[in-house]
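Visitor: Let me begin by handing over the structure; questions about it come next.
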Amino acid sequence: MAASHSKQPSAAPKSYQLPNLLSYAKPFGLRTNRHCRAASRASETWFLQGFPEPQPNAAGGQPSREEDVSIRRQLEVRGTKPGLLAALCYPVCDASQLRLVTDFLSLLMIENGTALRTPANGLVDPRCTDLCTRVSRLSAPSCFFPALHEFRAAQLQLESQLDTSQWDFETFIENRRKLSGLHMAFALIETVMGLTLRVDATDVDSDVARLTRDAADIVAWSLDILSFHVTHRSASSPNILQTLMQQRGISLAAATCAAGVLVKEKVDSFLQNEATVLSSFQTLSHPDDEENWESREDDTRTYVQGLRDWIAGAMHWAYENEMWFGGKGEAVREFGWVFLKD
């Protein structure tokens, strides 16, 4: 695919206003899992294994280097709130299942997903090994492992491409999906719910796969928009706002507005594709094996609802994420103004 010539973006202001992304999420509803607190505590302990528990220093001295690292890890886990994200995106799974997805989201959302990547030194993070072992024991492992391979391959490709500014927008969209890790997250909908669809998000002929890609774009682009004021100088992967500024030569405010429009268009596409997928069970004639047909319909409806939960849950979680908005998420939710951090 030929790359388009990028333009120089206008200088970014110190503050800008976010689009009202939560209004786009209203059609999807918001639910939460009642096991959130217990799963969050257990997952935090699991994620921080190997880091010493900080001890009070009676002499009032500075913490050791190991304690300082541990303190920062604890603050990052608690500020990112992967347990809340899991509870909002997987609202009906049981306690053990929620713990599994909380562990996964901790590995994905903290430290830029480093623990899930292919290690340069060949030493796989033991937490990733443990997670994969637990996923493989479930009756419906779905497409989690192909999606993990896709995520790792995309990360390696990104590391080998020092200049991503030459990507055209279609290339950005495809790579952003892979780099987000959302195909793994959506595969876990099947895993924890015991579904048998085995959705391959890269299947261009599947309506359910098309719906999956819409959901991935909505979530990834929304989180790009909501986190850019913090991550713009240290982002490890391309961001939709940076891409639009480079390709269109527009300001941050204009890029934010354009990205909001793109998210809204994807929401509309999702709702249209959802209607197509669900109506197909009424319009198509049943095969001879009606029991399997009904089982597939039930699985499809459950999976689609899982995508809806992810869209609504991720958008609401973003405002509660202290790593992005600190304690000001409610004010940002109401007024939309954010300030670029140096």
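Going by full-length UniProt numbering, the residue at position 230 of the sequence shown is 230; the numbering climbs one at a time, nothing skipped. For glycine and all other residues, C-beta sits at the position ideal for the given N, C-alpha and C. It should be emphasised that the depicted structure is a prediction, and the values quoted were computed from it without experimental measurement.
1) For E330, which residues of its own chain have a beta-carbon under 8 Å away from its beta-carbon, when the five flanking residues on both sides are left out?
2) I'd like to confirm the pairing. Which residues does DSSP put opposite Q17 in its beta bridges?
3) Three-state secondary structure (DSSP) at S142?
4) Is DSSP giving Y303 helix, strand or coil here?
5) List the endpoints of the continuous alpha helix (DSSP H) containing Q97.
6) Quick one: measure Cβ to Cβ for T80 and M323, integer angstroms, because I've assumed they're closer than 8 Å.
7) Using the Cβ count rule (16 or more neighbours within 10 Å means buried), how would you classify S160?
8) Since A215 is in the alpha helix (DSSP H), which residue starts that stretch and which ends it?
9) My assumption, with CB atoms under 8 Å, is that Y90 sits in contact with V192. Please give the rounded CB distance.
10) Per the contact definition of three or more C-beta pairs closer than 8 Å, is the region 174-194 in contact with the region 146-156?
11) In chain order, what residues of the same chain have a beta carbon less than 7 Å from the beta carbon of Y24, not counting five sequence neighbours either side?
12) Cα separation between T196 and L211?
13) Which stretch, first to last residue, makes up the alpha helix (DSSP H) that contains G83?
14) I need the DSSP call for G122, collapsed to helix, strand or coil.
15) What first and last residue would you give for the alpha helix (DSSP H) that runs through V192?
16) Between I225 and the rest of its own chain, which residues show a CB-CB distance below 8 Å, the 5 nearest in sequence each way excluded?
17) Go ahead and label G113 buried or exposed: buried means 16 or more other beta carbons lie within 10 angstroms of its beta carbon, across all protein chains shown.
18) Whose C-beta lies closer than 7 Å to the C-beta of T31 among residues of the same chain, with five residues either side of it excluded?
19) Would the beta-carbon of S43 fall within 7 Å of that of T133?
20) Does the separation of the CB atoms of L84 and W293 fall below 7 Å?
21) Verify whether the separation of the beta carbon atoms of residue 347 and F47 is less than 7 Å.
22) Count the other CB atoms within 10 Å of the CB of W337; is the residue buried (16 or more) or exposed (fewer)?
23) Anyone know if the C-beta pair for S15 and F325 falls short of 7 Å?
24) Between which two residues does the alpha helix (DSSP H) holding A39 run?
25) In chain order, what residues of the same chain lie with their CB nearer than 7 Å to the CB of S237, ignoring the 5 residues before and after it?
Guide: This is what the structure gives:
1) Y319
2) W337
3) coil
4) helix
5) 95-109
6) 5 Å
7) exposed
8) 207-231
9) 6 Å
10) yes
11) V263, K264, V267
12) 17 Å
13) 82-89
14) coil
15) 182-193
16) L18, P19, L21, I240, L241, T256, A259, G260, V263
17) buried
18) According to the sequence shown, residue 31 is Arg rather than Thr. Here the set comprises P91, D309.
19) no
20) no
21) In the structure displayed, the chain extends from 1 to 342; residue 347 sits before or after that span and is not available.
22) exposed
23) no
24) 36-47
25) L158, L179
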